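Beneath this line is the structure, given in structure tokens, with notes to follow.
Chains as they are written, first to last, in my numbering: chain A, 1 to 344; chain B, 1 to 344.
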């Protein structure tokens, strides 16, 4: 995308799966160019949005996919089953497709994987499907030998129809940036679990389907862009939105909702919550005249109670995030990758 | 499905990924029951067909998914990239959706995976997309640590629209069973490669997109059911078709096209070509009055030159395959699983 992106070396690195610059470079160099050259009429792989969209009649059919490799597979607040459903439901919602038409679920298992664990994962998937009103309609099962796979990989794909296609590149100067709730919970909950950090109070992943939350605001109008800050966190997602939209974003650090538990673990591990994955949050660009109505609607929903305006789009420094710390302003670096591999 | 199916034990076994009875038992017990209970109006997971289908206006939107774990990733006649595209294209075609609207591609890589190999796989995917006129429109990339994954897993999902939905359960007594070409090439080519068997003459996987071949016959009418004999081979696919349709199938052993190379390797390894995977073939149920026209159309296409009638549906012994060897008749056992793990 820019000359800053380094080409992939001769061997794949963990960083290239981290959701930041290194991954974007790999994807752009290896996958996007060739696939984008295939004949296709719609929002395709070249857009590098949360999914793709195809016009059918007067509606858009949105399609998205994610493979989930999270480790550990059971983590505070969720498991690989819940994240597999929610991740795909939320990607559809980010493009405006809040009613899920159908999902697929393809599971790859290691020989010797516990059937009891698989049953727990399956229960969790079904529960998330019910929350999101999303049916899994077809699937696939493969088994790899012992030592050929660490446990389980789950791929889901989702499709949905919408009349209102929302993109991640629609920001204009003057738009407000809203986040739907406190950030960093997923990434830091998983990190705390992996490092065996004991906490007073709970630090749980925020993994949840937010399609109903998003549906509650799309009728208001004034939403110009959406993206969910998963791998690479808010920092990475805002960089993508700003560079694709050709605006700068002034981010008010003190306005970003962060829970005490996230702040504590972040400080302990030396990791900025802006850089870690969320699995139940959205970043929403909103026209200034619609901010109050959107914020009120979000806060009326249980998953949006702590929604807040965290930034404003400006014409200066397109593609950059200008962090206003309250004491001054500095550019927020675009992360090279998520600090933790296998975060989703 | 029947009392014969054994419930999964406490640990996942390789057999449960093999495409036969053991896998069906796992899938039915663990996944199908709960997912099938979710509200959904269409051909869903309970049908256990090659994909699912949803009515949109006067058309059916077909959706299907597969994860690919084949080992080795480069094999005689193809590679994991080609099979990832063709497998999904062919599953759509088996339900009548021969025009591919969109595909997704999600790649999971092991840290240290060769970028050169990845580029070769990507070239192969793009070439297969061009052959099948199938655009990849969105994707996902994950990286797992060294030793956490043996190389690469590729998931693809595909969607297509059709006015003529074809199922795998539509056979009636009197229908002919056609196979579109010689069987066993994919499975035995991969096995020969793994065992280092040297052959005079080529034994190559048949991996190919057959959507154009199938499109050439759907206009004729008289197609009552289709299925592609992948994992578990012709034996497994015919068992599924016959049990779902409630018919028996008399299979003429001498009519089944088998190349000398497949016969030789099959005999050497003690494996019946009826039991091994194909990746560019279809089993087609056809009404008696349409057999000549369908066969002629298939043979006019390069991928259907050796199409042949191999069996007939009968009212006796529903769910069974009656193998007519030319010397007598016996029941063909339903395989418990593909003889080789990671065949696709």
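In this text, a Cβ means the ideal position worked out from N, Cα and C, and glycines have one as well. Computed from a predicted structure; not experimentally measured.
key: Within chain A, the residues that residue 302 of chain B reaches when beta carbons sit closer than 7 Å   = Taking the beta carbon of residue 302 of chain B as reference, no residue of chain A falls within 7 Å; the closest one sits roughly 22 Å away.
task = Assign residue 31 of chain B to buried or exposed, taking buried as 16 or more other Cβ atoms, counted over all protein chains shown, within 10 Å of its Cβ.
result = buried
request  = Compile a chain-ordered list of the residues in the segment 140–159 of chain B whose CB is closer than 7 Å to at least one CB of chain A.
outcome  = 140, 141, 142, 143, 144, 145, 148, 149, 150, 153, 155, 157 and 159
inquiry  = Give me, in chain order, the residues of the same chain whose beta-carbon lies closer than 7 Å to that of residue 266 of chain A; leave out the 5 immediate sequence neighbours on both sides.
reply    = 184, 188, 272 and 273
message = At the level of alpha carbons, what is the spacing between residue 234 of chain A and residue 45 of chain B?
response = 36 Å
request  = Kindly indicate which three-state DSSP category residue 191 of chain B falls into: helix, strand or coil?
outcome  = helix
query = Can you list, in chain order, the residues of its chain whose CB lies under 7 Å from that of residue 192 of chain B, leaving out five sequence neighbours each side?
reply = 199, 203 and 265
request  = Give the secondary structure of residue 142 of chain A by DSSP, where H, G and I count as helix, E and B as strand, and everything else as coil.
outcome  = strand
Per DSSP, cross-strand counterpart(s) of residue 179 of chain B = DSSP lists B:283 and B:308 as the beta-bridge partner residues of residue 179 of chain B.
task = For residue 69 of chain A, return the contacting residues in chain E, with the cut-off set at a CB-CB distance below 7 Å.
result = Reference to chain E is not applicable here, since the protein chains of this structure are A and B.
key: Beta-carbon proximity list for residue 195 of chain B, same chain, < 6 Å, skipping 5 on both sides   = none
request  = Verify whether the separation of the beta carbon atoms of residue 218 of chain B and residue 164 of chain B is less than 8 Å.
outcome  = yes
ask   = Among A:33, A:244 and A:49, which one has its Cα closest to the Cα of residue 321 of chain A?
value = A:244
query = What number of angstroms, rounded off, separates the C-alpha of residue 149 of chain B from the C-alpha of residue 296 of chain A?
reply = 46 Å
message = Ignoring anything shorter than 4 residues, give me the alpha helix (DSSP H) runs that lie fully in the segment 95–136 of chain A, in order along the chain.
response = Listed in chain order, the complete alpha helix (DSSP H) runs (minimum 4 residues) inside the segment 95–136 of chain A are 115–132.
request  = Would you check if the segment 51–62 of chain B and the segment 144–158 of chain A touch, i.e. whether three or more CB-CB distances between them fall below 8 Å?
outcome  = no
query = Helix, strand or coil: which one does DSSP assign to residue 243 of chain A?
reply = Helix, per DSSP.
message = At the 8 Å Cβ level, is residue 1 of chain A part of the contact set with chain B, yes or no?
response = Low confidence applies here, because residue 1 of chain A scores a pLDDT of 34, under 50, leaving its location unreliable; read the following figure in that light. Closer than 8 Å: no.
task = Just tell me which of B:42, B:239, B:83 and B:207 has its CA closest to the CA of residue 333 of chain B.
result = B:239
inquiry  = Could you compute how far the alpha carbon of residue 176 of chain B sits from the alpha carbon of residue 206 of chain B?
reply    = 23 Å
Nearest-angstrom beta carbon gap, residue 287 of chain A and residue 222 of chain A [assumed within contact, 8 Å] = 4 Å
ask   = Can a CB atom of chain B be found closer than 8 Å to the CB of residue 17 of chain A?
value = yes
task = Count the other C-beta atoms from every protein chain shown that fall within 10 angstroms of the C-beta of residue 327 of chain B, then say buried if there are 16 or more, exposed otherwise.
result = With fewer than 16 Cβ atoms within 10 Å of its Cβ, residue 327 of chain B is classed as exposed.
request  = Under the assumption that residue 308 of chain A contacts residue 255 of chain A (Cβ atoms under 8 Å), give the Cβ distance between them as a whole number of angstroms.
outcome  = Yes, residue 308 of chain A and residue 255 of chain A are in contact; Cβ-Cβ is about 6 Å, under 8 Å.
query = Of all the options A:226, A:109 and A:336, which has the alpha carbon lying nearest to the alpha carbon of residue 345 of chain A?
reply = Outside the displayed range of chain A (1 to 344) lies residue 345 of chain A, so it cannot be described from this structure.
ask   = What are the start and end residues of the beta strand (DSSP E) that includes residue 55 of chain A?
value = 52–56
request  = Compute the beta-carbon to beta-carbon distance between residue 122 of chain B and residue 34 of chain A, rounded to the nearest angstrom, for a pair I have assumed lies under 8 Å.
outcome  = Between residue 122 of chain B and residue 34 of chain A a beta carbon distance of about 6 Å is seen, short of the 8 Å cut, so the two are scored as contacting.
task = With 8 Å as the threshold, decide whether the Cβ of residue 74 of chain A is near any Cβ in chain B.
result = no
request  = Mind checking who residue 71 of chain A pairs with in its DSSP beta bridge?
outcome  = DSSP, once it has assigned bridges, lists no residue as partnering residue 71 of chain A.
ask   = Assuming residue 157 of chain B and residue 98 of chain B make a contact with CB atoms under 8 Å, what is their CB distance in whole Å?
value = The C-beta separation of residue 157 of chain B from residue 98 of chain B comes to about 17 Å, leaving the pair out of contact by the 8 Å criterion.
ask   = With C-beta atoms as the reference, is residue 104 of chain B less than 8 Å away from residue 63 of chain A?
value = Yes. Within cutoff.
ask   = Quick one: does residue 428 of chain A have its CB under 8 Å from some CB of chain B?
value = Examination of residue 428 of chain A is not possible in this model, given that chain A is present from 1 through 344 alone.
query = Using the beta-carbon count (16 or more within 10 Å), is residue 168 of chain B buried or exposed?
reply = That one is buried.
key: Where the segment 105–135 of chain A meets chain B: residues whose CB sits under 9 Å from a CB there   = 105, 106, 107, 108, 109, 110, 111, 112, 113, 114, 115, 116, 118, 119, 122, 123, 125, 126, 129, 130, 133, 134 and 135
task = Could you pull the start and end residues of the alpha helix (DSSP H) that residue 292 of chain A belongs to?
result = In the DSSP assignment, residue 292 of chain A falls within the alpha helix (DSSP H) that extends over 291–299.
Minimum length 4: unbroken alpha helix (DSSP H) runs contained in the segment 210–242 of chain A = 211–218
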